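Numbering (my numbering), first residue to last: 612 to 1275.
Written as structure tokens, this is what we have:
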């Protein structure tokens, strides 16, 4: 019998989704540029370990006891009813059949487990906020070896680029520009001209279709991807803050940063003063997407996050465009101070903010059409830059209306995307694992790989298998004892009949106790091995996801919601396969134990009883086979992810390593 197992499975799936909650509104590329991949993976693994330990405790694994309790109560009730009914027969006072004691008791137990499952969410709500500590994994390691200097001019040499998802629309065409070391270079132009794409290519989110990008004459493909991004700080127009406190948000820029480094970065970003005025100061939780802070405050925290690692290169993607005039002035002062002495690339719509840039490139349809300083370009009659400046001045704002509409449209699309990411288990995002059954897969290799991943628990699995064999004898033994009860009524002597009924009743009672013990070992063993396999798959899948190139996440099937569903539901489905094999082996082996009996009159009766239980067994195996098919499909999807070679490997250690030159 199943005691609300579905409620418990949903409870554990929700727990896995909650692990992803602090990061779910964040575009996947932010984990790459912050260099926080290892930090996020270890944090996710720690949460999965806690979930696995919680799942394997007896109080949270009702299946460990439910079936054993079920059969124990049934077998314990049978001898009492048999002995009592035998007494009634002897006294000729047998009443009409009454409701089953087992059914009444198990209904109560079933509702108790349902109530416990429903109460889990309530208890979590009651306990929410009681523990404000931050579980910080051990990430204070720095084993990077350095052999070369990354500081130098950044050059785009005849770069062409087309997004993989929009191959019909080229973004960059024969683009060439140079960002000089230690200077500020600005990119301007209408929306869609390729400004942000240049930054994405420099961060190696994508590879150019043709041409190359170099640093000090060396192609960026020669550098270690992780170290390259560690040398780059980025601040976007709409800053992404995680649902953590301010300290943790800034620390994402450098996971091993000290308290002093974080506060110094906040001072450089003009953020320390307002942070200290907050009630909880650096421990203030900013809310999802930083909803507890104003636009200027979020932007300054994002700037501090970029500066905490003292980057060699600083990328500013319209960092002040979405702010009001007061906030813009404060943030712009911090930006100007941060740009001093760094190789800075700025994307700007408000042209007044780049007057002091050392070089300005005007882009149109993916190509450079003008370049020079502000004074040079403003004096060029009939030029694109001059027209943009005049249009902004005439309208009394620092942006033309067309650009403003384009920006607003982009912001609305970002907000829509964020809302879509928040629906982690919604109908639009949920991956229907039942549909995955139709996908081709190689079952034999899936089983072998799952066994290899579960090999550390071979002792636990062996104990579970032995318990399965012993439990498998329960069904035929029950049939055998039932036949003994029927045989007892062939005796004419009351005392002899009472003797045989009493013996059979005691054997039923003993069978219930033995089965309870063996089922305890069986379900405990497979709960431990299965949950560890699930935890292992979730952790490895999460690490493999962060290894993929950015283009991988542009596909609809790889959205944040679909990925979280995959980590929760699919991984749990794999555990169902291990449970299914155990149960299938249990029933099969139990019947094998009695197939070699000699054929006697008693055995014929026994065979009929066993045949009845066999029909029930076949029904159970039919349900198990469906679960196995779904589980194999889910396992194959994970193995495809494990084996996938990304176009840009974010974990690669190949390439030229980098020397960090700390800014003075």
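For glycine and all other residues, C-beta sits at the position ideal for the given N, C-alpha and C. Predicted model only: the values in this text are computed from it and were never measured.
Buried or exposed (CB count within 10 angstroms, at least 16 for buried), residue i
{"i": "residue 1005", "result": "exposed"}
{"i": "residue 769", "result": "exposed"}
{"i": "residue 1082", "result": "buried"}
{"i": "residue 810", "result": "buried"}
{"i": "residue 780", "result": "exposed"}
{"i": "residue 1117", "result": "exposed"}
{"i": "residue 998", "result": "exposed"}
{"i": "residue 1086", "result": "buried"}
{"i": "residue 881", "result": "buried"}
{"i": "residue 916", "result": "buried"}
{"i": "residue 849", "result": "buried"}
{"i": "residue 940", "result": "exposed"}
{"i": "residue 966", "result": "exposed"}
{"i": "residue 1001", "result": "exposed"}
{"i": "residue 898", "result": "exposed"}
{"i": "residue 1123", "result": "buried"}
{"i": "residue 815", "result": "buried"}
{"i": "residue 992", "result": "exposed"}
{"i": "residue 1143", "result": "buried"}
Backbone CA spacing between residue i and residue j [nearest angstrom]
{"i": "residue 596", "j": "residue 1065", "result": "This structure cannot speak to residue 596, because the chain is shown only from 612 to 1275."}
{"i": "residue 974", "j": "residue 960", "result": "12 Å"}
{"i": "residue 859", "j": "residue 1075", "result": "43 Å"}
{"i": "residue 1324", "j": "residue 925", "result": "Residue 1324 is absent from the model: the chain starts at 612 and stops at 1275."}
{"i": "residue 1090", "j": "residue 1069", "result": "33 Å"}
{"i": "residue 1255", "j": "residue 1154", "result": "12 Å"}
{"i": "residue 1111", "j": "residue 1095", "result": "8 Å"}
{"i": "residue 863", "j": "residue 783", "result": "31 Å"}
{"i": "residue 983", "j": "residue 990", "result": "11 Å"}
{"i": "residue 1109", "j": "residue 1073", "result": "42 Å"}
{"i": "residue 913", "j": "residue 988", "result": "31 Å"}
{"i": "residue 796", "j": "residue 955", "result": "6 Å"}
{"i": "residue 1152", "j": "residue 947", "result": "41 Å"}
{"i": "residue 1141", "j": "residue 800", "result": "56 Å"}
{"i": "residue 901", "j": "residue 888", "result": "17 Å"}
{"i": "residue 767", "j": "residue 824", "result": "5 Å"}
{"i": "residue 969", "j": "residue 943", "result": "16 Å"}
{"i": "residue 829", "j": "residue 802", "result": "30 Å"}
{"i": "residue 1093", "j": "residue 1084", "result": "14 Å"}
{"i": "residue 985", "j": "residue 962", "result": "9 Å"}
{"i": "residue 1137", "j": "residue 1127", "result": "15 Å"}
Residues bridged to residue i [DSSP beta-bridge criterion]
{"i": "residue 764", "result": "None, per the DSSP bridge assignment."}
{"i": "residue 873", "result": "According to DSSP, which records beta bridges pairwise, residue 873 is partnered with nothing at all."}
{"i": "residue 824", "result": "767"}
{"i": "residue 845", "result": "926"}
{"i": "residue 956", "result": "796 and 926"}
{"i": "residue 970", "result": "796"}
DSSP three-state assignment for residue i, whether helix, strand or coil
{"i": "residue 899", "result": "helix"}
{"i": "residue 856", "result": "strand"}
{"i": "residue 884", "result": "helix"}
{"i": "residue 863", "result": "coil"}
{"i": "residue 975", "result": "strand"}
{"i": "residue 1096", "result": "helix"}
{"i": "residue 829", "result": "strand"}
{"i": "residue 786", "result": "strand"}
{"i": "residue 834", "result": "strand"}
{"i": "residue 773", "result": "coil"}
{"i": "residue 980", "result": "strand"}
{"i": "residue 566", "result": "One cannot answer for residue 566 here, as it falls past the ends of the chain, which runs 612 to 1275."}
{"i": "residue 889", "result": "coil"}
{"i": "residue 851", "result": "coil"}
{"i": "residue 1281", "result": "What the structure shows of the chain is the stretch from 612 to 1275, and residue 1281 is not part of that stretch, so it cannot be assessed."}
Anticipated Cβ contact below 8 Å, residue i with residue j, distance rounded
{"i": "residue 788", "j": "residue 996", "result": "That pair is no contact at about 15 Å."}
{"i": "residue 1078", "j": "residue 1119", "result": "So it is not a contact: roughly 20 Å between Cβ atoms."}
{"i": "residue 879", "j": "residue 918", "result": "5 Å"}
{"i": "residue 842", "j": "residue 923", "result": "4 Å"}
{"i": "residue 909", "j": "residue 852", "result": "6 Å"}
{"i": "residue 1071", "j": "residue 1114", "result": "37 Å between Cβ atoms; not a contact."}
{"i": "residue 928", "j": "residue 861", "result": "In fact, because the Cβ distance is near 19 Å, the residues do not count as touching under 8 Å."}
{"i": "residue 872", "j": "residue 883", "result": "Actually they do not touch by this definition, with Cβ atoms about 12 Å apart."}
Neighbour flag for residue i against chain C, beta carbons, 8 Å
{"i": "residue 813", "result": "This model lacks chain C altogether; it includes just one protein chain."}
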